[in-house]
Each structure stands twice: as C-alpha cells, then as structure tokens.
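Asks:
Numbering (our numbering), first residue to last: 4 to 443.
1) For residue 353, which three-state DSSP category applies?
2) Let me know the secondary structure DSSP gives residue 228 once reduced to three states.
3) Secondary structure at residue 106, three-state DSSP: helix, strand or coil?
4) Counting along the chain, where does the beta strand (DSSP E) carrying residue 132 start and finish?
5) I need the DSSP call for residue 173, collapsed to helix, strand or coil.
6) I need the straight-line Cα distance from residue 57 to residue 64, nearest angstrom please.
7) Please name the residue or residues paired with residue 345 in a DSSP beta bridge.
8) So, for residue 157: in the same chain, excluding its five sequence neighbours on each side, which residues have a beta-carbon less than 6 Å away from its beta-carbon?
9) With DSSP as the reference, please indicate the residues paired to residue 326 in a beta bridge.
10) Assign residue 438 to buried or exposed, taking buried as 16 or more other Cβ atoms, counted over all protein chains shown, within 10 Å of its Cβ.
11) Which value, in whole angstroms, describes the spacing of the CA atoms of residue 5 and residue 321?
12) Using three-state DSSP, classify residue 153 as helix, strand or coil.
13) I'd like the span of the beta strand (DSSP E) that includes residue 433, first residue to last.
14) Which residues in the same chain as residue 16 place their Cβ atom closer than 7 Å to its Cβ, once the five residues preceding and following it in sequence are excluded?
15) Have a look at residue 243 and residue 126 and give me their C-alpha separation to the nearest angstrom.
16) Would you say residue 46 and residue 54 are within 9 Å of each other, going by their C-beta atoms?
17) I'd like to know whether the C-beta atoms of residue 211 and residue 192 end up nearer to each other than 9 Å.
18) Sort 314, 83, 76 and 121 by Cα distance to residue 9 and report the nearest one.
19) So, helix, strand or coil for residue 146, using DSSP?
20) Is the segment 107-118 touching the segment 303-316, taking contact as three or more C-beta pairs under 8 Å?
21) Answer yes if the segment 259-269 comes into contact with the segment 391-410, meaning at least three C-beta pairs across the two stretches below 8 Å, and no otherwise.
22) Looking at the secondary structure, which residues open and close the beta strand (DSSP E) in which residue 254 lies?
23) Which of the three DSSP states is assigned to residue 410 in this structure?
24) From the DSSP output, in three-state form, read off residue 378 for me.
25) Could you give the residue range of the beta strand (DSSP E) that holds residue 89?
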C-alpha cells in the first residue's frame with residue numbers, strides 16, 4: 004500500500020474495484036465452505052454450486068444472513084478453534100439480544116487497519132492527538148477499534164472514555180489534543196458544561212471531531228439539526244461515520260462531506276429491497292454486507308437492518324469508491340402511525356429544532372387496537388403542559404401527525420437514556436414486542 008494509509012484500490016476505477024472484489028469473493032466462499040459450520044450447512048441446504056458464484060452480482064443466488072441467524076446459531080459462525088481467539092465482543096443489543104463475536108489476532112490487525120485508513124480519510128495523520136470519548140470496555144468494539152486504529156496510524160490517543168464533562172475539559176487543558184472521537188449529542192453536553200463554567204472552548208486545542216452513533220446529515224448531505232447546533236456553537240470540522248460490530252468496518256467521511264467512503268479491500272456491500280434484490284441507483288436499500296479478510300467470524304450477505312442511499316460517482320478527494328449516505332432508518336424501527344410511515348430520525352430532527360426542548364426519548368408501543376402509538380418523553384427550560392399543543396403543531400407541520408407528549412425532568416430523561424448496561428445513549432425505546440428493543 005503506497006501513500007501511507009490511502010490504499011491504491013480506493014483510487015482505482017469502478018470496474019477495477021469490481022474485478023478486485025470478485026476475486027476476493029471467491030476467497031471468502033472457499034473459506035466459509037471449509038471452516039464455517041453455519042455456512043457449510045446453508046450451502047448444502049440450498050444445493051448451491053459455489054463454482055457458479057463468480058461475481059458480486061451472483062450473490063443474489065445465496066440466501067441472506069439475518070440477525071436472527073446470529074442469535075440462534077452464534078457458535079456455528081465461528082471458523083477458528085477457541086485457542087486462536089484473542090478478544091470477545093458483543094453487539095449493543097439495540098435491535099434484539101446482543102450477539103457475540105470472537106476476534107483473532109489477525110482480526111484485530113484488520114480492525115486497526117480499517118480505522119487507520121478511516122482516520123486518514125478524515126484528514127488524520129501521525130501528527131494528530133485524539134481524545135477518545137467512547138468506552139473501550141463493556142465488550143464494545145468501537146472504542147477498541149478507535150484505539151487500535153490511532154495506534155496503527157502512529158498518532159496519539161487519550162483514553163478518557165464517555166461522560167464526565169469536567170474530566171474531558173481537564174484532559175483537553177492538560178494534553179491539548181487536536182481531535183475528539185465522540186457521540187455528537189455528547190459534544191453538545193461538553194459545550195454546555197464549558198459555557199456554565201467559563202471555559203473558552205472555541206480557543207481550545209480541539210479542531211475536529213470524529214462522530215459516532217448519531218447522524219449529522221440529512222439525505223441531501225446537508226447538516227441536520229444536531230450537526231447545525233454543534234457548528235453554531237463550536238466551528239469544528241465534523242466527520243460522520245457509519246459502522247456496526249457485525250461488519251467490523253467503518254464508512255467515514257472525507258473533507259468533502261459527501262458520504263462515508265467504502266473500503267473495497269475490507270467489505271462487499273449490497274443495497275437490497277424487501278425481496279432481497281438489489282435496488283436501482285438512487286433508491287434507498289438495506290445495507291447488506293459480506294466481510295473480507297475476517298478470520299474468526301466472517302459474514303456472507305448479512306442484512307444490517309439499516310436503510311440508506313449510496314453514490315457511485317468519483318469524489319473530489321481522489322477516491323473513486325462508493326459513498327454511503329446517512330442512514331434513513333432501521334427496518335425494524337419503522338413506525339406506522341395513523342396511516343403515516345415514519346422512522347425515528349424524522350422525529351429527532353423536529354425535536355432538535357425546538358429551542359426549548361433540552362432532552363428526549365421516543366417510545367413506541369402497541370395500543371389496544373394493535374396499531375403503533377408514539378409517546379415522546381421530553382424535558383426543557385421552563386416548559387410544561389401549556390407547551391404541548393405548540394410542540395404537537397411542529398409535528399403536524401412536518402409529518403402531518405402528532406405523537407403523545409409526556410413532560411419529565413432532565414434527570415429522569417437522562418436515566419432513560421443511560422441505563423447501567425448501555426454503551427451509548429438511547430433515544431428510541433421499542434415496546435412493540437413483549438421483550439422490548441432499545442436503540443440509540
């Protein structure tokens with residue numbers, strides 16, 4: 004790989020990238036057939052002739068892998084003996100029971116490489132120092148990935164972890180990092196703390212932020228309300244990322260801010276409709292991934308549940324790789340409310356635009372007539388039931404329907420957002436099944 008952590012394949016033409024991925028796909032299929040109990044069973048059950056799967060386009064002949072498959076047969080996805088496992092990770096459980104992933108030494112090197120090229124994509128270099136504001140414990144992949152990636156890049160890292168604004172600012176004052184890695188809504192929290200305690204945050208050493216877990220942009224790639232709120236207060240360079248534990252790969256924006264770049268040496272990506280067929284260019288589809296180079300628990304045609312658009316045109320940064328747009332919503336979080344189909348981000352954007360709303364959690368239940376019911380718990384500055392009609396009018400103006408509103412103290416909302424077992428803030432509570440699902 005030339006030019007540091009800017010892989011040559013990412014500057015290749017789309018046809019060259021396709022040829023490269025077709026070759027890598029052959030390697031994955033052979034590996035899975037040899038070492039994966041789950042996929043070996045699936046290939047036999049499908050009576051699949053792997054010799055006929057020559058290109059990425061041929062993947063449509065293979066059954067997709069779902070989260071339910073991972074939950075029900077988790078151990079059967081393991082392709083190595085347990086003696087080769089170095090690290091155990093679980094998903095956050097935002098869309099069901101957490102799923103375990105076992106990583107080998109080679110997988111950890113791949114994870115580090117993914118983040119090193121992602122930081123480079125976002126303008127990072129060995130001269131940077133990153134303050135890590137996400138947890139590295141609790142079986143969380145992201146914090147570990149960021150630490151390993153910064154280390155491979157040769158940059159500095161300060162492992163502060165999540166929360167505790169006072170400690171964040173004390174660390175910035177002492178060490179002078181120039182970048183932070185954080186959940187966007189937490190950036191607003193540390194801004195609020197700085198304003199309350201007379202900290203001149205605009206004069207601090209921080210110049211950019213790698214943002215995890217929450218979208219910063221709308222489908223047209225303009226900043227959403229959350230992104231605008233941060234930038235109005237603190238003119239940082241913000242970089243959106245998209246990733247999941249299952250894919251062990253991230254899509255990170257470059258300085259052009261035109262979507263998260265695909266790393267073709269690490270992952271094959273499809274965008275599928277409800278019938279598991281590829282959507283046309285410009286249409287939203289469910290992100291479906293096949294991991295490349297994963298040794299411990301590789302996945303084939305895994306449906307992430309996330310829906311988005313993508314762009315195949317070359318980027319001004321010099322990369323020709325596909326770019327992923329902001330996630331429109333999660334398939335299992337789709338809400339049908341009074342004849343209108345909604346995804347939670349549409350609700351968030353309205354709430355973020357109401358100046359006196361400080362914090363909120365969206366809860367969805369099934370009512371007595373077996374339809375979806377939306378209840379929004381919120382807190383704000385001096386607000387109460389007298390503001391209910393005005394808040395509902397904001398929803399009617401944008402979505403044509405208004406949810407139920409429940410007012411609470413900010414501390415109560417924060418308790419809902421940060422239960423003890425959570426590794427990231429929760430904005431969405433789905434009670435439409437008896438177990439309940441929680442999503443960030």
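All C-beta atoms in this analysis are idealised placements derived from N, C-alpha and C, irrespective of residue type, glycine included.
Replies: Based on what the coordinates show:
1) Position 350 of the chain shown, counting from 1, holds the residue named residue 353. If DSSP states are grouped into helix, strand and coil, residue 353 belongs with the helices.
2) As a first step, residue 228 must be located in the chain shown, where it is residue number 225. Residue state, collapsed to three classes: helix.
3) As a first step, residue 106 must be located in the chain shown, where it is residue number 103. Reduced to three states, the DSSP call for residue 106 is strand.
4) Residue numbering aside, residue 132 sits at position 129 when the chain shown is read from its first letter. It spans 132-135 - the beta strand (DSSP E) in which residue 132 sits, taken as one unbroken run.
5) Residue numbering aside, residue 173 sits at position 170 when the chain shown is read from its first letter. Three-state result, residue 173: helix.
6) Position 54 of the chain shown, counted from the start, is the residue given in the question as residue 57. Position 61 of the chain shown, counted from the start, is the residue given in the question as residue 64. Each residue's Cα considered, the two are about 11 Å apart.
7) One-based indexing of the chain shown puts residue 345 at position 342. For residue 345, which the question treats as bridged, DSSP gives the partners 338.
8) Taking the chain shown and counting its residues from 1, one reaches residue 157 at position 154. Around residue 157: 129.
9) Locating residue 326 in the chain shown gives position 323, counting from the first residue. Partner(s): 264 and 314.
10) On the chain shown, position 435 is the one that residue 438 refers to. Reliability of the predicted coordinates at residue 438 is poor, the pLDDT of 40 falling under 50, and the value obtained from them is presented with this limitation in mind. Classification of residue 438: exposed, given that the 10 Å Cβ count is below 16.
11) As a first step, residue 5 is located in the chain shown; it is residue number 2 there, counting from the start. As a first step, residue 321 is located in the chain shown; it is residue number 318 there, counting from the start. Confidence at residue 5 is low in this model, with a pLDDT of 39, below 50, so the placement of that residue should be treated as unreliable; the coordinate-derived value is given next. Spanning the two alpha carbons is a distance of roughly 14 Å.
12) In the chain shown, the residue the question calls residue 153 occupies position 150. Here residue 153 sits in helix by DSSP.
13) Along the chain shown, one-based indexing puts residue 433 at 430. First-last of the beta strand (DSSP E) with residue 433: 431-433.
14) Numbered from its first residue, the chain shown carries residue 16 at position 13. Answer for residue 16: 323, listed in chain order.
15) Mapped onto the chain shown, residue 243 falls at position 240. Mapped onto the chain shown, residue 126 falls at position 123. So the alpha carbons of these two residues sit roughly 13 Å apart.
16) In the chain shown, counting from the first residue as 1, residue 46 sits at position 43. In the chain shown, counting from the first residue as 1, residue 54 sits at position 51. Taking 9 Å as the Cβ cut-off, residue 46 and residue 54 do not qualify as a contacting pair.
17) Here the question's residue 211 lines up with position 208 in the chain shown. Here the question's residue 192 lines up with position 189 in the chain shown. No, the Cβ-Cβ distance between residue 211 and residue 192 is not below 9 Å.
18) Indexing the chain shown from 1 puts residue 9 at position 6. That would be 121, whose Cα lies nearest to the Cα of residue 9.
19) Translated into positions along the chain shown, residue 146 becomes position 143. Note: residue 146 maps to helix in three-state DSSP.
20) no
21) no
22) As a position in the chain shown, residue 254 is number 251, starting the count at 1. That run of the beta strand (DSSP E) goes 252-256.
23) The residue labelled residue 410 in the question sits at position 407 within the chain shown. Here residue 410 sits in strand by DSSP.
24) Here residue 378 is taken as the residue at index 375 of the chain shown, counted from 1. When secondary structure is reduced to three states using DSSP, residue 378 falls in the strand class.
25) Translated into the one-based positions of the chain shown, residue 89 becomes position 86. Run containing residue 89: 88-93, per the beta strand (DSSP E) assignment.
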